[in-house]
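Position 47 of the sequence shown, counted from 1, bears residue number 56 in our numbering, the numbering being contiguous throughout.
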Amino acid sequence: MALMTGKEYVESIRKMNMQVYMFGEKVENPVDHPILRPSLNSVRMTYD
C-alpha cells in the first residue's frame with residue numbers, strides 16, 4: 010500500500026463528514042475554514 014499524499018490526506022478529511030463546532034457555532038466546512046485550515050496544512054505537509 011502506498012503512502013497518502015498531502016492532497017489525498019486533505020480529501021480524506023473532507024470525506025469524513027465531521028461535525029465541528031467553534032465558539033458555539035457549527036462549522037459547515039471545517040476543511041476550508043480560515044481558522045482551521047492552517048493546522049490542516051501543517052499536517053498535510055508531513056505527508057508530502
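From the three backbone atoms N, C-alpha and C, an ideal C-beta is built for every residue, glycine too. Note that the structure is predicted; figures quoted are calculated from it, not measured.
Check: Supposed close pair Val36, Leu49 - CB separation, criterion 8 angstroms; Outcome: Rounded, the Cβ-Cβ distance is 12 angstroms, inconsistent with contact.
Check: Asn38 Cβ short of 7 angstroms to the ligand ATP heavy atom set; Outcome: In the structure shown, the ligand ATP is absent, as is every other ligand, since no ligand is present at all.
Check: Residue environment, Val19, which counts as buried when at least 16 other CB atoms sit within 10 Å; Outcome: buried
Check: Boundaries of the alpha helix (DSSP H) in which Glu17 is found, first to last residue; Outcome: Gly15 to Lys24
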